[in-house]
Amino acid sequence: MKKELVEKIKNDPNYIELVAKRTAFSIKLTIAILVVYFAFILTIAFDPTLLGTPMSSDSVTTIGIPIGMAVIVFAFILTGIYTKRANTEFDDLSNKIKNSVKDM
Amino acid sequence: MQRVLTFLILSALTLFASDAITGEVQKQGLNMSAIVMFFIFVGATLGITYWAAKRTKSAKDFYTAGGGITGFQNGMAIAGDYMSAASFLGISGLVYAKGYDGLIYSIGFLVGWPIILFMIAEPLRNLGKYTFADVASYRLRQGPIRTLAAFGSITTVILYLIAQIVGSGKLIQLLFGLQYEVAVILVGVLMVLYVTFGGMLATTWVQIVKAFLLLAGATFMAIAVMAHYDFSFGKLFATATELKDISIMSPGKLVSDPISAISLAVALMFGTAGLPHILMRFFTVSDAKEARKSVFYATGFIGYFYILTFIIGFGAIVMVFKNPQYLDMAKQAIDGGSPILGGNDMAAIHLAHAVGGDFFLGFISAVAFATILAVVSGLTLAGASAISHDLYASVWKKGQVDGLKEMQVSKIATVGLGIVAIIMGIAFEKQNIAFVVGLAFAIAASANFPILFLSMYWRKLTTRGAVIGGAIGLATAVILVILGPTVWVDLLKNAAPIFPYKYPALFSVIAAFVGIYIFSVTDNSESAKVEREAFEAQFIRSQTGIGAEGASEH
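And the structure:
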């Protein structure tokens, strides 16, 4: 990449906006999945019986089952949220940047 | 030389002899429907390979299927790489044996995917061409970085290959009544055929077909199980706990202490993001948009698959456990209890028979075999690319080589890896290889991932830091696995492990990051300055895709 091109893009408000928004969004979502997963795994490590609590007094199903399933679904939903925003908002911004430097 | 040969022949004979003793218990009669379906599958995949071979003309076609795979297709292929026979049979077997622990384990394998999407997928696609070393060495010195990355890739690939191929030999022996050595050679030869002739295009489509068949088969099994219990989880669990005991509904011994829990989590999360055959798939799509769609679909398929394996494991408890048809009488006579034929990993296979008879057993057996073939092909291609693209073309020839020659070297490397896989597969037949996949993940997490991640995001990274830190991560991972319970105690038969934890990733990943940090920030050389200055341009390309590799025209 040429030096002028780097300088131009670096100061492009669209680029600054893209990097700021995407970085913040990625970090937020990463923290979300890490918090959920580590809460799950550390609950098991520190208090193995907690997730073994039955859903109700006459049921053998423990609260761990829906919670575990929910972690799987949560991971999938997060990827959906990211993909949706990136495919629209972030791609619009990068297309604007690309168009502005098309002739360079 | 002659002495070596004599030794090899003698050890081969010993292997055959020992097989004769234990083989009878293991092997089953020929399963006709399995064999017919297996031949249909092999025929179809060879057809795919033939079709792909005609379209594989350039190195780009060979390594990345021309970059023309869609996000949906790639998501399916990535999920296919992840849904190996080990995870299908292993996780459903773990649920069958331990219940809830199987779910904990599978969740660990899944949570790496969102992180790959948020952090790795797009920059990887925007910066790379054929291998993840392209990205790691983007602004660093090609020679040392690619050598280390190739070493990390090849080690990961070979360890993973050993695990897959040994498992496959045993599985095929059990399912098709074939001899172990024959099964291993068959797998080795087929995978070399797919990769050398069809390249990434064949490898991807074989993976997609298999992923579809596996998901369809597993869905059928889960529905058949649930139908028996009026689609009520409550009834299924109630019957399962009556047959086994209530402990299968709660966390068991898989996660024993917080350090092990975190360390396993680190290995699975960062290990996934450092597996070369997975990373390579991101270069098969046209742009960053398709790359992120790939992860979205892959996460969906994998998550769905793990929910199915959980149901299948419980299905096996209610329909296979204590069912005299699947009981291993010989083993029961010695050990007592209710062991099933072929061990816990066969739970899903027996369940297939229980819900769908011989025909469906044949289908699932053929799919399990297909799974092995598809996964080892992807692994082999990733290993061969590290040899041809990183070591041969970039390090040795310094990039001064044409694509066709590079592709030729890649094909030779594929044949070489095939031979290594067959030899290792036969040599490791009777070994306890439980540590192998753990070691592969530990190396991927501690050597491949830190270099890749920091090269994308950390301006101050230098060649010196990456090489020394990466080597520290690699060495720490290997040493701690050797000194840990799986090798030091289980394999080498020592009384107590020197390093107490089964999963070293927490320590080796930290060692790698600290090593890279220290040796980068203290690097005041001229070249380090240039490398830091080059970060801006690299970061712009990684964020916007300007200058990224596109799809080829045809």
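So the protein lines, in turn, are chains S and B. Reading the first sequence from the start, the letters are residues -18 to 85 in the working numbering. Reading the second sequence from the start, the letters are residues 381 to 934 in the working numbering. Idealized CB from N, CA, C, for every residue including glycine.
- Backbone secondary structure at S:Pro35 - three-state DSSP: Of the three classes helix, strand and coil, the one that applies to S:Pro35 here is strand, per DSSP.
- Query: Based on Cα-Cα distance, which residue from B:Trp585, B:Gly523, B:Ala513 and B:Ser438 lies nearest to B:Val422?
  - Reply: With respect to the C-alpha of B:Val422, the residue from B:Trp585, B:Gly523, B:Ala513 and B:Ser438 having the closest C-alpha is B:Trp585.
- Beta-carbon proximity check, S:Ile53 vs B:Ser486, cutoff 9 Å: Cβ atoms of S:Ile53 and B:Ser486: closer than 9 Å.
- Message: Am I right that B:Ile729 and B:Ser745 are in contact with their C-beta atoms under 8 Å? What's the rounded C-beta distance?
- Response: The beta carbons of B:Ile729 and B:Ser745 sit about 7 Å from each other, so the pair counts as a contact at 8 Å.
- Specify the secondary structure class of B:Ile813 as computed by DSSP and reduced to three states. Correct three-state label for B:Ile813: coil.
- Query: Are the beta-carbon atoms belonging to B:Ser644 and B:Lys478 less than 9 Å from one another?
  - Reply: The displayed chain sequence assigns Leu, not Ser, to residue 644 of chain B. Taking C-beta atoms as the reference points, B:Leu644 and B:Lys478 fail to come closer than 9 Å.
- Could you check what DSSP says for B:Val665 in three-state terms: helix, strand or coil? B:Val665 sits in a strand when the DSSP states are folded into three classes.
- Item | Among S:Ala13, S:Leu15 and S:Thr43, nearest to S:Thr34 - alpha-carbon criterion | The shortest Cα separation from S:Thr34 among S:Ala13, S:Leu15 and S:Thr43 belongs to S:Thr43.
- Please classify B:Glu502: is it buried, with 16 or more other beta-carbons within 10 angstroms of its beta-carbon, or exposed? Taking all protein chains in view, the Cβ of B:Glu502 is crowded by 16 or more other Cβ atoms within 10 Å, so the residue is classified as buried.
- Message: I need the straight-line Cα distance from B:Met699 to B:His733, nearest angstrom please.
- Response: Each residue's Cα considered, the two are about 10 Å apart.
- Query: Could one say the Cβ of B:Asp637 lies closer than 9 Å to chain S's Cβ atoms, at least one of them?
  - Reply: Closer than 9 Å: yes.
- Task: Compare the beta carbon distance of B:Ile806 and S:Leu23 with 9 Å and say whether it is the shorter of the two.
- Result: Taking 9 Å as the cut-off, the beta carbon of B:Ile806 is found no closer than this to the beta carbon of S:Leu23.
- Looking at C-beta atoms only, is the number of pairs between the segment 59 to 77 of chain S and the segment 664 to 679 of chain B that lie closer than 8 Å three or more? Cβ pair count under 8 Å is three or more, so yes.
- Message: Please report the straight-line C-alpha distance between B:Val781 and B:Asp441, rounded to a whole angstrom.
- Response: Going by the C-alpha atoms only, they are around 17 Å apart.
- Out of curiosity, what's the CA-to-CA distance linking B:Phe489 and B:Phe556? If you take the alpha carbons of B:Phe489 and B:Phe556, they lie about 30 Å apart.
- Select from the segment 669 to 703 of chain B all residues with a C-beta closer than 7 Å to any C-beta belonging to chain S, and list them in chain order. For the segment 669 to 703 of chain B, residues whose beta-carbon sits nearer than 7 Å to a beta-carbon of chain S comprise Lys669, Arg672, Lys673, Val675, Phe676, Thr679, Gly680, Gly683, Tyr686 and Ile687.
- Message: Considering only the alpha carbon of each residue, which of B:Val575, B:Asp770, B:Ala668 and B:Gly492 lies closest to B:Ala530?
- Response: Considering only alpha carbons, the answer is B:Asp770.
- Query: So, are the CB atoms of B:Ile767 and B:Ser790 less than 9 Å apart?
  - Reply: It is a contact, given that the beta carbons lie within the stated cut-off.
- Chain-ordered neighbours of B:Gln923 on chain S, where CB pairs are closer than 8 Å: Against chain S, the beta carbon of B:Gln923 has neighbours under 8 Å at Tyr(-4), Leu(-1), Val0, Arg3 and Ser75, listed in chain order.
- Message: For B:Leu510 and B:Ser765, which I take to be in contact (beta-carbon distance under 8 Å), what is that distance rounded to the nearest angstrom?
- Response: Correcting the residue type first, residue 510 of chain B is Tyr in the shown sequence and not Leu. For B:Tyr510 against B:Ser765, the beta-carbon gap comes to about 6 Å, under 8 Å, which counts as contact.
- Interface residues of the segment 463 to 497 of chain B facing chain S [CB-CB below 7 Å]: Against chain S - using a Cβ distance shorter than 7 Å - the residues of the segment 463 to 497 of chain B are Tyr480, Leu483, Ile484, Ile487, Leu490, Val491, Trp493, Pro494, Ile495 and Leu497.
- Message: For S:Ser81 and B:Ala891, what's the separation of their Cα atoms in angstroms?
- Response: Approximately 43 Å between the Cα atoms of the pair.
- Message: Strictly by DSSP, which residues pair up with B:Ile449?
- Response: DSSP lists B:Val665 as the beta-bridge partner residues of B:Ile449.
- Classify B:Ser907 as buried or exposed, calling it buried when 16 or more other Cβ atoms lie within 10 Å of its own Cβ. By the 10 Å Cβ count, B:Ser907 comes out exposed.
- S:Ile44, DSSP secondary structure in three states: S:Ile44 falls in the coil class under three-state DSSP.
- Run down chain B in chain order and give the residues with a C-beta less than 9 Å from the C-beta of S:Asp72. Those within 9 Å of S:Asp72 in chain B are Ala668 and Lys669.
- Message: Counting C-beta neighbours from all protein chains within 10 Å, is the total for B:Pro877 16 or more, i.e. buried, or is it exposed?
- Response: The residue is buried, with at least 16 neighbouring Cβ atoms inside 10 Å.
- Contact between the segment 582 to 600 of chain B and the segment 454 to 462 of chain B: three or more CB pairs below 8 Å? Flag = yes, the segment 582 to 600 of chain B and the segment 454 to 462 of chain B touch.
- Per-residue contacts from B:Met499 into chain S (C-beta, under 7 Å): In chain order, Ser7 and Thr11 make up the part of chain S whose C-beta sits under 7 Å from the C-beta of B:Met499.
- Query: Would you say B:Ala582 and B:Ala432 are within 9 Å of each other, going by their C-beta atoms?
  - Reply: Cβ atoms of B:Ala582 and B:Ala432: closer than 9 Å.
- Item | Interface residues of chain B facing S:Asn68 [CB-CB closer than 8 Å] | Those within 8 Å of S:Asn68 in chain B are Lys669, Arg672 and Lys673.
- Item | B:Ile720 in three-state terms, based on DSSP | In the three-state DSSP reduction, B:Ile720 falls in the strand class (E or B).
- Message: Which residues does DSSP list as the beta-bridge partners of B:Leu707?
- Response: The partner list for B:Leu707 (beta bridge, DSSP) reads B:Ile720.
- How big is the Cα-Cα spacing for B:Lys669 and B:Gly470? Near 33 Å, if we compare the C-alpha coordinates of B:Gly470 and B:Lys669.
- Task: Determine the closest residue to S:Phe19 out of B:Ser472, B:Ala457, B:Arg839 and B:Ile484, with distance taken between C-alpha atoms.
- Result: Checked all of B:Ser472, B:Ala457, B:Arg839 and B:Ile484; the closest Cα to S:Phe19 is B:Ile484.
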